[in-house]
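Peer 1: Take the position in the sequence shown, starting the count at 1, then add 27; the result is the number in my numbering.
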Amino acid sequence: MPSLLSLNSYHYKRGGSEAVYFEHEAMFRALDWETAHMAMHHPMNLASEWSDFFVDEIEFGHSYSLFDKVAMASKVIYSFEARRKLAALLDRFPASVAHVHGIYHHLSASVLPLLRERGVPVVLTAHDLKIACPAYKMLNRGGVCEKCKGGNLLHLIANRCVRDSLGVSTLVAVESAVAKSLGLYRRNVNRVVAPSAFYRTKLLEWGWPEDQVTFIPNYVDAQQHLPQYAPGNYFLYFGRLAPEKGVATLIHAARKADVQLKVAGTGPLEDELKALVAGSSVDMLGYRSGEALWSLVRDCRAVVLPSEWYENAPISVLESFALGKPVIGARIGGIPEMVIEGETGYTFDSGSVDDLATRLADMAALPDVAASAMGQRARELVSTRYTASRYREAMLDLYAELGAIPARLPVG
């Protein structure tokens, strides 16, 4: 029976990458694979029979003694603890394949050479751009940035690209330099999975070999979402309230277009954005999830994704499509691959209040029957192109190609 080892820093649903980490494991468990996982101890972790093999918690935002800071800094660069615990886990669970999600800074890249030494093929899903840009997002205070592309990591320190902190940025620069000099990712990861064609292209631009990066899109189970095609009278943003998400641009554009906007989410810009919308018709709803969120999506006219960084393949787009709603998305990162212009939504120049206001006005003026048809095409797209079965078959083909399972016969 084949066996899958999943590695991720967090073992709770912290964000999109954790959702994929859990869903991917559940998918293969449903195929009767044996599964195990390795992560970091955290108060919010879900229960796990493998927790004895988890590493101690590291959180940059916590207050630690000087001794603890020095010890944790060394783990960020190369964690001997993670390597030791992984060795013990593999003694108990000889994996057919290891699928790596977000291990940076917590498990660290130290686990990768051990997997290769044990003969375990390694697949890494690029949920972000960390294996190219040390700061994950190719973004700093000045906007999108690719200055480290040539290998000079001093830009990372000079621009304080990580948490706007000189100390943390310096530590991450050292960690990235060590990983690069030892080839921890390039030599030990058999294949990188890019969820967007944009991310695949970007990784190739930053020097990854073409045959080492495979494009496999994310998915949602459309059948788990009840669609509503009748368009509502407001636009909706849901997600994190952070600078790179472009919510301030959206608020200004909504005012300019004179349309109703609802914002669901929390994050570091929450207070600032609440002050910005004071006295306006923009509704700040706070955190919403589950049916409370899906109801908001169903009742809106369109979902807006005003990102101002290299988004990968946002699950929020697929969820909106599954609920029968078109998306107005920024023309940046992987978003334009998903939003078919004039068919499943509109795109606009990222960061442009005027262009976004025009698109909001276009959607507001669109006859209801046309807006409904756009939502139906969006639902059809996600039900045929971004499916669990297509994701599963692509992953099985990849695992077979790497020798984790026997070669598969062509379908049909």
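Backbone N, C-alpha and C fix where the C-beta goes; we use that ideal spot for every residue, glycine too. Everything numeric in this text was worked out from a predicted model, so none of it was measured.
1) Exposed or buried, what is Asp285 when buried is set at 16 or more other beta-carbons lying within 10 Å of its beta-carbon?
2) State the start and end residues of the unbroken beta strand (DSSP E) segment that holds Glu61.
3) From which residue to which residue does the beta strand (DSSP E) around Thr374 run?
4) Any idea what DSSP makes of Ala284, helix, strand or coil?
5) Might you give, ordered along the chain, the residues of its own chain that have their beta carbon closer than 6 Å to the beta carbon of His64, omitting 5 neighbours on each side?
6) I need the straight-line Cα distance from Glu420 to Arg41, nearest angstrom please.
7) Can you list, in chain order, the residues of its chain whose CB lies under 8 Å from that of Leu300, leaving out five sequence neighbours each side?
8) If we count the other Cβ atoms within 10 Å of its Cβ and call it buried at 16 or more, is Ala392 buried or exposed?
9) Cα separation between His26 and Glu202?
10) Kindly provide the ranges of any alpha helix (DSSP H) runs that are 4 or more residues long and lie completely inside the stretch 334-379, ordered along the chain.
11) Determine which residues share a DSSP beta bridge with Lys289 and list them.
12) Can you pull the DSSP bridge partners for Ser30?
13) Note down the Cα distance separating Val150 from Leu183, rounded to an integer number of angstroms.
14) Mind pulling the alpha helix (DSSP H) runs of 4 or more residues that sit fully within the stretch 160-206?
15) In this structure, what does DSSP give as the bridge partners for Phe242?
16) What are the boundary residues of the alpha helix (DSSP H) that Thr411 is part of?
17) Note down the Cα distance separating Ala185 from Leu193, rounded to an integer number of angstroms.
18) Which residue wins for smallest C-alpha separation from Tyr261, given the options Val324, Ser416, Tyr246?
19) Could you tell me which residues DSSP pairs with Val473 in its beta bridges?
20) Would you tell me roughly how many angstroms separate the C-alpha atoms of Thr374 and Ala357, rounded to the nearest one?
21) What ranges does the alpha helix (DSSP H) occupy inside the stretch 128-157, keeping only unbroken runs of at least 4 residues that lie completely in it?
Peer 2: Judging by the given coordinates:
1) exposed
2) 61-65
3) 372-375
4) helix
5) Ser33, Trp77
6) 27 Å
7) Leu268, Val274, Ala275, Ile278, Val290, Met311
8) exposed
9) With the chain covering only 28 through 439, there is no way to say anything about residue 26.
10) 342-349, 362-365
11) Leu263, Asp310
12) Glu61
13) 27 Å
14) 181-185
15) Ala221
16) 395-411
17) 8 Å
18) Val324
19) One cannot answer for residue 473 here, as it falls past the ends of the chain, which runs 28 to 439.
20) 5 Å
21) 138-144
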